[in-house]
Amino acid sequence: MSKCIRDNARCSGCGVCRQVCPKGAISLRVDAKGFPRPAVGDNCIDCGLCVRHCHEHKRFDGYRVQKAFTAYSNDPDIRAVSSSGGMFTALAVKVIEDGGFVCASGFDGDFVLRHRIIDTIEQLDGLRKSKYLESDMSSVWQELKQRVASGRKGLFVGTPCQCSALRSFLGDKIDDIIVCDFICHGVASPLVFEKYKDYLKSKYGGPVKIEFRHKEKGEGSFFYYEGTDGSCMIPNYKESYPFAYASGLIIADDCTSCSYCKLERYGDITLGDYVSGPTDYAKSTIFANTRKGSDILYQCRDITLQEEDLEDVVGKSWHLTAANTFNPDRQKVFDRLDLPWDLLEKRYFHPAGRLRLYKKALINKLRRFLSR
Ligand SMILES: Cc1cc2nc3c(=O)[nH]c(=O)nc-3n(C[C@H](O)[C@H](O)[C@H](O)COP(=O)(O)OP(=O)(O)OC[C@H]3O[C@@H](n4cnc5c(N)ncnc54)[C@H](O)[C@@H]3O)c2cc1C
Numbered sequence: 092m093s094k095c096i097r098d099n100a101r102c103s104g105c106g107v108c109r110q111v112c113p114k115g116a117i118s119l120r121v122d123a124k125g126f127p128r129p130a131v132g133d134n135c136i137d138c139g140l141c142v143r144h145c146h147e148h149k150r151f152d153g154y155r156v157q158k159a160f161t162a163y164s165n166d167p168d169i170r171a172v173s174s175s176g177g178m179f180t181a182l183a184v185k186v187i188e189d190g191g192f193v194c195a196s197g198f199d200g201d202f203v204l205r206h207r208i209i210d211t212i213e214q215l216d217g218l219r220k221s222k223y224l225e226s227d228m229s230s231v232w233q234e235l236k237q238r239v240a241s242g243r244k245g246l247f248v249g250t251p252c253q254c255s256a257l258r259s260f261l262g263d264k265i266d267d268i269i270v271c272d273f274i275c276h277g278v279a280s281p282l283v284f285e286k287y288k289d290y291l292k293s294k295y296g297g298p299v300k301i302e303f304r305h306k307e308k309g310e311g312s313f314f315y316y317e318g319t320d321g322s323c324m325i326p327n328y329k330e331s332y333p334f335a336y337a338s339g340l341i342i343a344d345d346c347t348s349c350s351y352c353k354l355e356r357y358g359d360i361t362l363g364d365y366v367s368g369p370t371d372y373a374k375s376t377i378f379a380n381t382r383k384g385s386d387i388l389y390q391c392r393d394i395t396l397q398e399e400d401l402e403d404v405v406g407k408s409w410h411l412t413a414a415n416t417f418n419p420d421r422q423k424v425f426d427r428l429d430l431p432w433d434l435l436e437k438r439y440f441h442p443a444g445r446l447r448l449y450k451k452a453l454i455n456k457l458r459r460f461l462s463r
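If you're matching positions, the sequence shown starts at 92 in the working numbering and goes up one per residue.
Quick look at the structure:
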């Protein structure tokens, strides 16, 4: 059997295999669903380094969630520009003020989502808020390695699989980094997002600002697009892309049966939403999974931090332990990405189709049950 990473259905596209390949035999190619995934060239020598560094083949244990908190920034302006309570900002400010760097995900000038590394509080602007698609990490690996090798401390925020990949890549050097994962609903295809962006561009002009968690009148679940010729602000459940994402129609293969939805975490801290009302995102849920994670939380300033009952908060944090529900129409959507967005919307994404999808899923479930 080949020792090289090939046909890995559980691949999350972190690209660590490419970084560690001594022959430069691995490249990332966009697959049919629009996710960059590794392709192995003929110069592969089957050394097995890629498999040994793949987080899906990890040989290290995670940390078990230890403490649960609800928390929020005391500054309403920070909460307004954050997905929930602004705890990412509080952690990032603490790390930067102590001389560290922050590595998190933001749109670049072309509205392509990438991780990047910053050193100042002003640069946090583009990194805040949740973006519902896969973030490209390829440009940060080597810089992260150099920074930790020179003794720099930092904060890393990413999906649970990205945090596990970071641990696999940095090994013991990860001790200098505060690793922060989040409760994760999954990540959508960058290609589908490109199609959606093109559609919005045709209606409102080229993108100036895109937000999946725009906050308006105390509610935090609006999709917001600002273009050069106009803008729109629509409740997420009514808009096609957020609807498709939430229904599991455009998420990555590995997200449909995510192996990271469990109480064993690869971050020192796990962030999430604490929703007390139907659309109110004023507080963050936080789990401290290590001593390092719990220490930094107590050191953050200008926040309100309240320790909660661990079992109670675990019970309320659905995707902490449960992967996204499998949607039987997902493959059909990916098979018809050649269709223009408005047709995709009518056929698969329009909220009116929601009932139809639920009905189908229910019938499938019933069929599976009866055939047992
Ligand atoms: C794709 C995704 C799915 C999520 N699913 C859930 C869920 O099901 N349940 C739940 O309780 N919480 C979920 N969250 C977490 C939640 O939306 C907030 O990120 C969390 O409440 C922290 O909010 P905040 O106000 O403290 O920080 P914010 O200021 O909103 O910061 C968010 C942080 O996440 C990083 N980030 C944003 N998008 C991505 C991305 N695509 N990939 C990697 N990093 C990213 C940002 O760079 C930033 O560091 C999800 C987040 C994302 C990105």
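Built from N, CA and C at the ideal position, the CB exists for glycine as well.
beta-carbon residue i near ligand 1 non-hydrogen atom, thresh 7 Å
| i | result |
| --- | --- |
| Tyr223 | yes |
| Phe179 | yes |
| Arg219 | yes |
| Thr381 | no |
| Ser385 | no |
| Ala195 | yes |
| Leu362 | yes |
| Phe284 | no |
| Gln253 | yes |
| His305 | no |
| Ile274 | yes |
| Gly176 | yes |
| His410 | yes |
| Leu257 | no |
| Gly249 | yes |
| Thr376 | yes |
Residue j beta carbon less than 8 Å from that of residue i
| i | j | result |
| --- | --- | --- |
| Asp272 | Thr361 | yes |
| His144 | Ser259 | yes |
| Gly277 | Ile342 | yes |
| Val131 | Cys95 | yes |
| Thr395 | Tyr154 | no |
| Asp210 | Lys244 | no |
| Asp219 | Val172 | This sequence places Arg at residue 219; Asp is not what is there. Yes, the pair counts as a contact, with Cβ atoms nearer than the cut-off. |
| Lys124 | Ser367 | no |
| Cys105 | His148 | no |
| Pro333 | Phe303 | yes |
Integer Cβ distance of residue i from residue j, believed to fall under 8 Å
| i | j | result |
| --- | --- | --- |
| Ile269 | Ile387 | 6 Å |
| Leu261 | Leu235 | 7 Å |
| Gly321 | Val299 | Rounded, the Cβ-Cβ distance is 10 Å, inconsistent with contact. |
| Phe192 | Ile208 | 5 Å |
| Pro127 | Ile117 | About 12 Å separates the two Cβ atoms, so there is no contact after all. |
| Ile274 | Gly363 | 4 Å |
| Asp345 | Ser103 | 5 Å |
Q: Check whether the region 283-295 touches the region 371-383, taking contact to mean three or more Cβ pairs, one atom from each stretch, closer than 8 Å.
A: By the Cβ test, the region 283-295 is not in contact with the region 371-383, since fewer than three Cβ pairs between them sit closer than 8 Å.
Q.
Quick test of the definition: if touching needs 3 or more C-beta pairs under 8 Å, does the region 319-335 touch the region 347-356?
A. Taking 8 Å as the limit for Cβ pairs, the verdict is that the region 347-356 does not touch the region 319-335.
Q: Can you check the region 334-402 for any beta strand (DSSP E) of at least 3 residues that lies completely inside it and give the ranges in chain order?
A: Those beta strand (DSSP E) runs which fall completely within the region 334-402 and span 3+ residues are 360-365, 374-379, 394-399.
Q: Determine contact between the region 97-111 and the region 151-160, defined as no fewer than three beta-carbon pairs at a distance below 8 Å.
A: Short answer: they don't touch.
Q. Counting Cβ pairs, one atom from each stretch, are 3 or more of them under 8 Å apart for the region 189-202 and the region 246-255?
A. A contact exists between the region 189-202 and the region 246-255.
Q. Which full runs of the beta strand (DSSP E) of 3+ residues lie inside the region 164-222, going along the chain?
A. You should have 192-198, 204-209.
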